[in-house]
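Scroll down for the structure; my scribbles are underneath it.
2 protein chains.
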Amino acid sequence: MRVSSATPLSANELDRIDAYWRAANYLSVGQIYLMDNPLLREPLCPEHVKPRLLGHWGTTPGLNFLYAHLNRIIAARRQEMIYITGPGHGGPGLVANTWLEGSYSDVYPSVSQDESGMRRLFKQFSFPGGVPSHVAAETPGSIHEGGELGYSLAHAYGAVLDNPELVAACVIGDGEAETGPLATAWHSNKFLDPAGDGAVLPILHLNGYKIANPTILARIDDDELDALLRGYGYEPYLVAGDDPAAVHQQLAATLDEVFDTIAAIQYGARTSGDTGRPRWPMIVFRTPKGWTGPKEVDGQPVEGTWRSHQVPLPAARDDAAHLRQLEAWMRSYRPEELFSPEGAPRREVVDWLPGGDLRMGANPHANGGRLTRDLELPDFTAYGVKVSAAGETVAEPTRVLGNWLRDVIKANAPYRNFRLIGPDETESNRLGAVFDVTDKVWRARIDDVDVHLGPSGRVMEILSENTCQGWLEGYLLTGRHGLFNCYEAFVHIVDSMVNQHAKWLKVSRELPWRMPVPSLTYLLTSHVWQQDHNGFSHQDPGFIDHVANKKADVIRVYLPPDANTLLSVADHCLRSRNHINVIVAGKKPAVTWLDVDAAALHCARGLGIWDWASNDQGDPDVVLAAAGDVPTREVLAATDLLRQHLPDLRVRVVNVVDLMRLQPPSEHPHGISDAQFDAIFTTDRPVIFAYHGYPTLIHRLTYRRHGHDNLHVRGYKEEGTTTTPFDMLVRNDSDRYHLVMDVIDRVPDLARRAATLRQQMVDKRVQHRQYICRTGEDLPEVRDWRWPAS
Amino acid sequence: MRVSSATPLSANELDRIDAYWRAANYLSVGQIYLMDNPLLREPLCPEHVKPRLLGHWGTTPGLNFLYAHLNRIIAARRQEMIYITGPGHGGPGLVANTWLEGSYSDVYPSVSQDESGMRRLFKQFSFPGGVPSHVAAETPGSIHEGGELGYSLAHAYGAVLDNPELVAACVIGDGEAETGPLATAWHSNKFLDPAGDGAVLPILHLNGYKIANPTILARIDDDELDALLRGYGYEPYLVAGDDPAAVHQQLAATLDEVFDTIAAIQYGARTSGDTGRPRWPMIVFRTPKGWTGPKEVDGQPVEGTWRSHQVPLPAARDDAAHLRQLEAWMRSYRPEELFSPEGAPRREVVDWLPGGDLRMGANPHANGGRLTRDLELPDFTAYGVKVSAAGETVAEPTRVLGNWLRDVIKANAPYRNFRLIGPDETESNRLGAVFDVTDKVWRARIDDVDVHLGPSGRVMEILSENTCQGWLEGYLLTGRHGLFNCYEAFVHIVDSMVNQHAKWLKVSRELPWRMPVPSLTYLLTSHVWQQDHNGFSHQDPGFIDHVANKKADVIRVYLPPDANTLLSVADHCLRSRNHINVIVAGKKPAVTWLDVDAAALHCARGLGIWDWASNDQGDPDVVLAAAGDVPTREVLAATDLLRQHLPDLRVRVVNVVDLMRLQPPSEHPHGISDAQFDAIFTTDRPVIFAYHGYPTLIHRLTYRRHGHDNLHVRGYKEEGTTTTPFDMLVRNDSDRYHLVMDVIDRVPDLARRAATLRQQMVDKRVQHRQYICRTGEDLPEVRDWRWPAS
């Protein structure tokens, strides 16, 4: 690892930057411990100390040190920069820094830069009615929570895409570095265009310990660590020590060198058109955990060990020795030199900081809605599949969508504000039309045989759902737009990431100063009913259940039944803000039921009776409902069978696109009223509901509805293997024949009258089984079935 | 990277190993394409070709090549070895190899080593009623699916722990290598004890392409790849080429060297007691994707590109040119030299293979139930908290459990068959008693300041839930026992892994030859109601919902209300087989309700009326039910309030430990009958149910029960921040005061009579809010509440 030996700071600069650091540390300790006496005007007494001490000291002095030095760079170079706090539990540090630079008080005026503001600053931290203990949506300048750990680096890369003037300084905790998502996110440098994108400066904060253990990267040899980081494609610089003055000089020198290198790389790429992959610099910052905190507590070493991870003096309120130690610790920062008697930061401590939007707490990229430009969206109806009669036209829904997405990319090319992201599946998901107008960005070696790869491009593919999600989150939170296309089963890999993003959005929506950001939209294709070829491991429709647990204000789920409804839904989602949209759609050739205008209307309603398929004359004997493309087809096929065999049975066909319409309006803003629900589903007729996923979700959404006891749901019940598409339905009792059986079993007085038909359905299922085991293909009558022309 | 230049194979050996490889390739191609004419006795015609061609050729020849050479090592050294197929979609390869060595026919006698068996072998692959296209539970010798990608290396390490004579040869696809879980699993070498554990041989199968893209690791310079692998702590060997004869020699030489190195490392550690971290060897195997397959198809290059990923001749049944090309391809392996006229492998092709249990398809470790030894479990009742009156004794449930786990570890130390695994949280989860008898294994540097770290130990901690889960899965599937302790919110990181494990168990249970393996048991603590200090990001109880979607035969969910019930549940789970057990339990001081005998009885029943807390005289006005430790306390506190203020209200208190008891027996084997359910919950009285997690789960489990319309569930509704424990309940309307309000609102005719009490409850909530915002602490009456002595 490189070590910079220059000493660029004058004595005066060194004093000032150290004073700033001490101020940030003082304010951090104050937040963790105090609810009063913020300036230590009087000796600390137990009443000044919070009764519950909640916070993380260990990482904080390092975060403060880095923040101080990055400010020096920003001020000197007028460099646009945001700060990604991987160790997000170091929340007090970020709050302290933004308070010192004034950006905190800008958004929270009551937390002013004076004694009363400082008192509030201290008390509110980790306190009921106050602010969380972690860097969170409430923290100005942040786009990253850091509670779960693992996503900082992917977020940083996402943020700088298409922001050529921006640098994301990304502090990575050495604990976080052990996670899988972080371990692979290093490779993001193979997807960064030094001409069109900004730069990420990864700073591995090697303070050595997690909660109760050392970290792996702190306990391998320097040579091994150096090899690892070079293997990831970086040029590592080492800044290490525990003497503040020496480390100040070393970090300042290193940052000078590193930012010169970044500038040189960018200048080169932007002037020469070089399309190679630069070796971007990164920093290993090895300083003690809990630096400047208590060296020992109760006879145990604390500074430089895991014991400083959270609150080093846990008994400060109850134990006089702890309290005295706390006071000595806080006074060691010499607060009288840092703050005026009125509690404001002294001029010389902060007058060298960057101002305005250059302050990292005020950088507009970190409040991305401020910068969002609406997408130019071509009129989707022009891309619709022609449908002169229902069920006549076959199309591959995602391929149709691909044509529209191609033109979305084209129309927004000048604004560089849209990315299509996915794990190696864009072509497989039949969105390949986009490659007519853009490439997949790829900065590793390109060979002659490759297609659609280029040094820049709107499509990003890496075989890591975590990295895809992290990139996209970073891109959206800085105000741009995107779409994540993914196999349905494997999107569970990002379950926990979507949890955290949903939580971020939930809190953001409650903060008036956070501007709405474009929604996170998933296109889940290659779904459970179209993974017959890959088998059981690829079959899981449970992501919908997962997101349905999140706040109703945030989540939306769409199951467009055909190509034209998919277009309409996608158009809607790309216009939306602050949501998580889940779209599940097929990629295989399938019937298009609605012309594009009818599709738009149906999607606007979200659910409705399909009159053209119903013969209920306003008074059905049974309601056949569907949500999902394959279930819709099976419901219509079952309806066709019922018409042929039981022509006087009044069947109502209902289709649900917007799944949350099923909930009561008290539970979800899209929910329809009970009156509407009753009008569609009736209160007393059997409803056979063919659903795309696990049946219990439909019960969960509708359990308070009047007709719920009459509702019978079919769906995936975790039966699968490599087989035929129709066999997947049969194995899960969701095929047309079984739906007909369900109708016969549930419509009063039908059982005897339709006994022959029921037996035929049973026989059909046996016949199907025998046929596929012989031929490997579905029955021709299944494959060739079409809705009858009227 | 090292390159071995020796040529250890004699001409005869080279011929034989190459013949074996050709046989495996022939059989692989046959499986993908043919349903008849397996020996090509007649020219191929369309009827011989399957109508749906489903499979993955690209990785298969490489997998076959490696399998062949590992067999040479096994035979020469009598080395116990299992084969982990990261690129699990190369299913035909593993089936082909196990058929050749005879282990396939051992478990599937109808797929015999003759022409009819070969016909069956071919037809069954990816065919309805046959076998999946991927390596799966159905494949002998496998403990790893490889459908989702990312977990091979962690599985391999898990398998060799405490199996000192075993080597897991782990083929890692270069696509898979991009995933987060794989990228961090390399660090597992810091947790391997060369004396007590076996060895993992990672083989990075660098064939260059994913579905539609090159792979990152194939497109960085060799120097960079070398640095990366050295940075991960390995000694990399390169085997590369496309000339089979040369690659045969190179791989044979490399494997000789590598297995010598492994033996030397192990010998050193086992004789000298060296506790250092060895630099384990690994192999980079760079050969063409789709090696020996069609060079070109329809004018496009195929061999050596991503176009050979799946089925290189997709129109073999319909296009005469494709069909001819297929036949030429298959005949290029010279099947007449490989198989007798009767269809058996020729003697000279297979007579050098290892036999019996040394065959990788028959290795008992890969059917771990064959080797499982029951745990010695100390009588848990001896560890119980003394309870002379309900609610009298306070204990930290997980700390109590820790004492028992300490003795579980001690009792089973001689058998080396139990591991406690978690991401840096064993101490934080208050299981620290285990460190009285064992260490956390740690093979990186140990410093003086460290505690409980050692070169070997029963506890494993890495800050990667993915790696933890992968290790444990590998350990369990090879027949040993373990427990995964984890923060509740972050276990979502392994959602998709638990999906895949559940699918594996579901299929395994249907295979008579797969012996039951110990269950995967989660201890989720630091749960949603005890993460008030870490805040919103740490609050998510949805893992229960997630597992509840899996097959009922496999999943179990337990919510022990106190320390003694936790002991009973843990004892039960560690005895179970083939399940996924989720235990949610608190770590903070809490009241113990039942003495240990009553606890055991309550857990055996799974749910029941707590008579000691009820005054319903068999005919309640209201049922107050709880599942979860904190909800149980709130229900009892609410009951106490009701007793004080409405002494004539007949309240029944019900507690649920085994959540799946709530389902009908048709849905889950633990489900109680409707009659039992009705007897406990009544059919017509209001039931106020305080639940640990998202309320909808309770509705989902009970929607078919008679009394469902009277059921009102409180639980977590995604409202959280850093606050006090009780405030978390108030924010989610799950506190005792709100439960009392719910009772008043729902018991007929109570509203007017209890109007004053209701208003008091509203006031209490306001008072709580004011109090915590002032003091930071919960109301004393909340903190100090105890169930009244009778």
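As given, the protein sequences belong to chains R and X, one line each in that order. So in the numbering used here, spot 523 of the first sequence is number 523, and the numbers just go up one at a time. Heads up: take any position in the second sequence, counting from 1, add 1000, and you land on the numbering used here. Every residue gets a Cβ at the ideal spot worked out from N, C-alpha and C, and that includes glycine.
C-alpha distance - residue i paired with residue j, whole-angstrom precision
| i | j | result |
| --- | --- | --- |
| Asp1174(X) | Lys1210(X) | 8 Å |
| Leu1566(X) | Leu1401(X) | 7 Å |
| Ala169(R) | Ile283(R) | 10 Å |
| Leu1338(X) | Leu1201(X) | 30 Å |
| Gly809(R) | Glu176(R) | Here chain R covers residues 1 to 790 and nothing more, so residue 809(R) does not appear. |
| Trp504(R) | Leu34(R) | 27 Å |
| Gln310(R) | Asp221(R) | 27 Å |
| Met81(R) | Ala199(R) | 10 Å |
| Leu54(R) | Arg1359(X) | 56 Å |
| Gly1391(X) | Tyr703(R) | 36 Å |
| Leu711(R) | Ile688(R) | 6 Å |
| Asp1532(X) | Asp495(R) | 22 Å |
| Asp648(R) | Val713(R) | 24 Å |
Residues near residue i by beta carbon distance below 7 Å, same chain, minus five either side
| i | result |
| --- | --- |
| Arg1077(X) | Phe1259 |
| Glu1342(X) | Asp1114 and Glu1115 |
| His1322(X) | Leu1313, Ala1315 and Ala1316 |
| Pro43(R) | Glu327 |
| Ser4(R) | Tyr237, Gln250, Ala253, Thr254 and Glu257 |
| Pro1516(X) | Gly1369, Arg1577 and Asn1578 |
Cβ shell of residue i (< 6 Å), same chain only, five flanking positions each side left out
| i | result |
| --- | --- |
| Gly130(R) | Gln124 |
| Val1635(X) | Leu1624, Ala1626 and Ala1690 |
| Pro1061(X) | Asn1025, Trp1291 and Thr1292 |
| Arg792(R) | This structure gives no information on residue 792(R), because the portion of chain R shown stretches from 1 to 790. |
| Thr7(R) | Gln249 |
Best match in the options for proximity to residue i [C-alpha to C-alpha]
| i | options | result |
| --- | --- | --- |
| Gly1276(X) | Leu1192(X), Asn1207(X), Tyr1333(X) and Asp1318(X) | Leu1192(X) |
| Gln266(R) | Pro281(R), Ala253(R), Ala252(R) and Thr254(R) | Pro281(R) |
| Ile1672(X) | Thr1639(X), Val1762(X) and Leu1607(X) | Leu1607(X) |
| Ser666(R) | Phe689(R), Asp553(R) and Glu634(R) | Asp553(R) |
| Asp1784(X) | Trp1471(X), Arg1279(X), Gln1325(X) and Val1394(X) | Val1394(X) |
| Asn12(R) | Val349(R), Asn417(R) and Leu453(R) | Val349(R) |
| Asn1412(X) | Gly1432(X), Thr1438(X) and Thr1085(X) | Thr1438(X) |
| Val459(R) | Gly479(R), Asp436(R) and Asp447(R) | Asp436(R) |
| Ala821(R) | Arg705(R), Arg650(R), Pro695(R) and Pro686(R) | With chain R covering 1 to 790 only, the question about residue 821(R) has no answer from this structure. |
| Arg605(R) | Ile680(R), Gln469(R) and Pro92(R) | Ile680(R) |
Exposure of residue i, with buried meaning 16 or more beta-carbon neighbours within 10 Å
| i | result |
| --- | --- |
| Arg700(R) | buried |
| Glu1224(X) | buried |
| Leu1601(X) | exposed |
| Pro561(R) | buried |
| Asp1242(X) | exposed |
Residues of its chain near residue i, where Cβ-Cβ distance is below 8 Å and the 5 sequence neighbours each way are ignored
| i | result |
| --- | --- |
| Gly1233(X) | Trp1186, His1187, Asn1189, Lys1190, Arg1277, Arg1279 and Trp1280 |
Subject >> Secondary structure, beta strand (DSSP E): runs of 3+ residues fully inside the segment 1517-1580 of chain X >> reply: 1520-1525 and 1555-1558
Original post:
Which ranges does the alpha helix (DSSP H) cover as unbroken runs of at least 4 residues, wholly within the segment 183-253 of chain R, from first to last along the chain?
Top reply: As far as the segment 183-253 of chain R is concerned, its whole alpha helix (DSSP H) runs of at least 4 residues are 222-231.
Original post:
Going along the chain, which unbroken runs of the alpha helix (DSSP H) with 4 or more residues stay wholly within the segment 736-771 of chain R?
Top reply: Here the runs fully enclosed are 736-746 and 750-753.
Original post:
Which whole runs of the beta strand (DSSP E) in the segment 1433-1502 of chain X are 3 residues long or more, in chain order?
Top reply: Correct list: 1459-1461 and 1481-1487.
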